[in-house]
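Heads up: the structure comes next, in structure tokens.
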Amino acid sequence: MMKLAAGSASAHHAMSPKSSRPSSFSMISPLGMKSKASSLPVKTSASSSCSDGEELQWIIFEVEAPKLSERRLELLKGASLGTGASASVHEVFYQDARTGKTSIYAVKTIFDEGHGATLRREFDLGYHLRHPHVLRIHALGRCEEDRKPSCLMEYCGHGDLWGLIYDVPTPPDLGCAIVQAHQLCLFKQLLLGVSYLHRQGIAHHDIKPENLLLSSAGLIKLADFGHAVIFRDPEDPSGACGRIDPFKSLLLGTACYLPPEVWEASPYDPRGVDVWSCALTGRQILGLQSTPWECASEEKDRAYGTFRQGWQHFWDAISGGIPARVTEVDWPYCGRGFKVKEYPSYGLLRVVLAMLHPTPGFRLTIDEVLMDPCVEQIPCCSPVVPDNIRAEHDHRPLSPTARLDSGMVQGKGQKDGW
1 MMKLAAGSAS AHHAMSPKSS RPSSFSMISP LGMKSKASSL PVKTSASSSC SDGEELQWII
61 FEVEAPKLSE RRLELLKGAS LGTGASASVH EVFYQDARTG KTSIYAVKTI FDEGHGATLR
121 REFDLGYHLR HPHVLRIHAL GRCEEDRKPS CLMEYCGHGD LWGLIYDVPT PPDLGCAIVQ
181 AHQLCLFKQL LLGVSYLHRQ GIAHHDIKPE NLLLSSAGLI KLADFGHAVI FRDPEDPSGA
241 CGRIDPFKSL LLGTACYLPP EVWEASPYDP RGVDVWSCAL TGRQILGLQS TPWECASEEK
301 DRAYGTFRQG WQHFWDAISG GIPARVTEVD WPYCGRGFKV KEYPSYGLLR VVLAMLHPTP
361 GFRLTIDEVL MDPCVEQIPC CSPVVPDNIR AEHDHRPLSP TARLDSGMVQ GKGQKDGW
């Protein structure tokens with residue numbers, strides 16, 4: 001009998017504008033079907049009806065990898081979780097014939113057979129990953145009904161981080177935002193997940209709110225490894241790290257989250273891409289809304305040019321114009337979106353700027369970010385943090401009224417300490 005750890009996957013989508021979810025990607029909330037209970041409806045045909053008349057569809061998932069004793073899984077197809085340009089995602093239910101236990105998963109199906117190799121690569125990269133902040137990928141196969149390449153994945157019933165930040169309505173007269181303690185916890189969870197990937201020799205290369213899912217427990221899960229790259233043999237942690245050659249590979253990721261070195265004609269370390277995109281995603285978690293530019297190139301984007309000038313003035317003042325790192329007492333002034341008053345502390349602004357260093361060799365690594373006292377001391381509900389900074393948070397989206405009652409949101413002028 002196949003054994004799986006119950007627990008969505010986001011459909012892959014192409015480069016998106018900085019301030020809105022990609023127009024080709026439509027998120028649909030899970031139905032919360034009654035069949036999440038201890039038993040499923042008895043199958044009488046390919047489709048059945050539940051007590052309220054809703055039609056239920058049974059599908060056969062034929063497992064191609066890994067090698068399992070049970071090669072054909074009978075699944076009850078539930079709600080659509082998302083549809084993109086090249087894939088769709090549905091929730092499905094599986095009942096263990098031996099124990100009678102029902103578990104919920106997500107099935108990602110590729111529309112075009114030509115993208116099957118990409119899905120296979122995503123499976124090969126993600127199947128062996130085991131971390132509380134990385135989405136589990138359980139099996140690769142095909143649904144018998146349409147023979148399309150599919151992946152069986154961990155289910156995350158609370159959507160993605162984009163939905164938590166932007167799609168959940170809040171009372172406009174209160175100007176509500178996620179409270180600071182929750183913002184900081186979510187940011188730290190993201191960093192912990194990326195740190196794990198880098199230790200495994202993998203760079204995600206497309207970190208953004210849409211690719212961060214919320215599990216049933218409200219934990220962040222890194223998802224969608226369609227652009228991920230292996231930069232080092234995971235069996236050799238001390239081995240040399242490979243670099244990405246822009247002349248030999250397609251542009252990977254989402255334009256407004258990519259660092260300047262990706263737009264330059266020279267090989268680069270993909271880990272720096274993840275650090276850069278974590279900083280931009282972190283700004284959004286902290287309530288700074290959209291990314292500050294469309295493209296990190298002075299020639300292509302005036303807003304980024306202004307940001308880059310701030311760094312040059314900083315270097316002129318402290319190091320004779322030569323690139324230098326941010327210190328505890330010195331950092332660049334880069335204008336709106338990078339002012340002390342816009343961040344929980346000057347220390348966190350300093351960390352974000354150090355993650356956005358235009359020169360990749362001077363940029364913080366993900367572990368240096370986590371070891372910075374400003375980040376290290378953030379109370380977090382992640383199961384991987386030490387007990388002395390373990391917090392109890394519930395990041396699952398609620399209605400506006402419930403969010404206010406629960407303390408998840410704060411009104412104008414309110415501050416929330418760590």
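Count the sequence shown with the UniProt record's numbering and you get residues 1 to 418, in order. Glycine residues also receive a C-beta, built at the ideal position from the N, C-alpha and C atoms. Owing to the predicted nature of the structure, the values given are computational and were not obtained by experimental measurement.
Expected contact under 8 angstroms - CB spacing of V375 and K188 to nearest Å: Counted from its first residue, the sequence shown places residue 375 at position 375. Counted from its first residue, the sequence shown places residue 188 at position 188. Correct: roughly 6 angstroms between the Cβ atoms.
Residue environment, N211, which counts as buried when at least 16 other CB atoms sit within 10 Å: Taking the first residue of the sequence shown as position 1, residue 211 is located at position 211. Buried is the call here.
Any 3 or more C-beta pairs closer than 8 angstroms across the stretch 325-335 and the stretch 348-365: yes
Sub-9 angstroms separation of Y196 and L125 beta-carbons: Working through the sequence shown from its first residue, we reach residue 196 at position 196. Working through the sequence shown from its first residue, we reach residue 125 at position 125. No, these two residues do not count as a Cβ contact at 9 angstroms.
Nearest candidate by alpha-carbon position, reference K148, set H115, Q377 and R72: Along the sequence shown, one-based indexing puts residue 148 at 148. Taking only the C-alpha atoms, the option nearest K148 is H115.
Under the three-state DSSP convention, the category C381 falls into: Here residue 381 corresponds to residue number 381 of the sequence shown, with the count starting at 1. Of the three classes helix, strand and coil, the one that applies to C381 here is coil, per DSSP.
Residues near L349 by beta carbon distance below 6 angstroms, same chain, minus five either side: Your numbering for residue 349 matches position 349 in the sequence shown. Here the set comprises V340 and Y343.
Contact set for I378: own chain, Cβ-Cβ below 6 angstroms, skip 5 residues either direction: Here residue 378 refers to the residue found at position 378 of the sequence shown. Once the five neighbours on either side are set aside, the close Cβ partners of I378 are L184 and K188.
Cβ shell of A228 (< 7 angstroms), same chain only, five flanking positions each side left out: Here the question's residue 228 lines up with position 228 in the sequence shown. Result list for A228: L125, I202, A203, H204 and H205, in chain order.
Reduced DSSP category for C143 - H, G, I as helix; E, B as strand; rest coil: Residue mapping note: residue 143 aligns to position 143 of the sequence shown, counting from 1. Judged by DSSP in its simplified three-state form, C143 adopts strand.
Per DSSP, cross-strand counterpart(s) of V107: Position 107 of the sequence shown, counting from 1, holds the residue named residue 107. For V107, which the question treats as bridged, DSSP gives the partners H90 and L152.
CB of F231 within 9 angstroms of CB of D269, strictly: In the sequence shown, residue 231 corresponds to position 231, counting from 1. In the sequence shown, residue 269 corresponds to position 269, counting from 1. It is a contact, given that the beta carbons lie within the stated cut-off.
Member of P397, V326, C381 and P383 whose CA lies at the smallest distance from the CA of residue 449: Outside the displayed span of the chain (1 to 418) sits residue 449, for which this structure offers no information.
Nonlocal neighbours in the same chain, by C-beta distance under 7 angstroms from R120, ignoring five residues either side: Here residue 120 refers to the residue found at position 120 of the sequence shown. Taken in chain order, the residues that qualify are L140.
S297: first and last residue of the uninterrupted alpha helix (DSSP H) it sits in: Here residue 297 refers to the residue found at position 297 of the sequence shown. Where S297 is concerned, there is no enclosing alpha helix (DSSP H), given that its DSSP letter is neither H nor E.
The alpha helix (DSSP H) enclosing E74, as first and last residue numbers: Here residue 74 corresponds to residue number 74 of the sequence shown, with the count starting at 1. E74 -> not in any alpha helix (DSSP H); beta strand (DSSP E) instead, spanning R72 to T83.
For K77, the nearest candidate out of I60, Y346 and E70 (CA to CA): As a working note, residue 77 is residue 77 in the sequence shown. It is I60 whose Cα lies nearest to the Cα of K77.
Exposure of S345, with buried meaning 16 or more beta-carbon neighbours within 10 Å: Position 345 of the sequence shown, counted from the start, is the residue given in the question as residue 345. By the neighbour-count rule (16 or more Cβ atoms within 10 Å), S345 is not buried but exposed.
Whole-angstrom distance between V194 and T365, CA atom to CA atom: Start at 1 with the first residue of the sequence shown, and residue 365 comes out as number 365. Start at 1 with the first residue of the sequence shown, and residue 194 comes out as number 194. The C-alpha of V194 is placed about 11 angstroms away from the C-alpha of T365.
Reduced DSSP secondary structure (H/G/I, E/B, other) of L65: Looking up residue 65 in the sequence shown gives position 65. Here residue 65 turns out to be Ala, not Leu, going by the sequence shown. A65: strand per DSSP, three-state reduction.
Buried or exposed (CB count within 10 angstroms, at least 16 for buried), R71: Numbered from its first residue, the sequence shown carries residue 71 at position 71. R71 is exposed by the Cβ-count criterion.
Chain-order list of residues whose beta-carbon lies under 7 angstroms from that of P234 (same chain, five-residue window excluded): Looking up residue 234 in the sequence shown gives position 234. Within the same chain, P234 has close Cβ partners Q200 and G201.
Those residues which DSSP pairs with I202 across a bridge: In the sequence shown, residue 202 corresponds to position 202, counting from 1. According to DSSP, which records beta bridges pairwise, I202 is partnered with I230.
Three-state secondary structure assigned by DSSP to H138: In the sequence shown, counting from the first residue as 1, residue 138 sits at position 138. Strand at H138.
Cβ-Cβ distance between P259 and G272 below 9 angstroms: Within the sequence shown, residue 259 is the residue found at index 259, counting from 1. Within the sequence shown, residue 272 is the residue found at index 272, counting from 1. Cβ atoms of P259 and G272: closer than 9 angstroms.
Distance between H313 and V89 (C-alpha atoms, nearest Å): By one-based count along the sequence shown, residue 89 stands at place 89. By one-based count along the sequence shown, residue 313 stands at place 313. Rounded to the nearest angstrom, the two C-alpha atoms are 48 angstroms apart.
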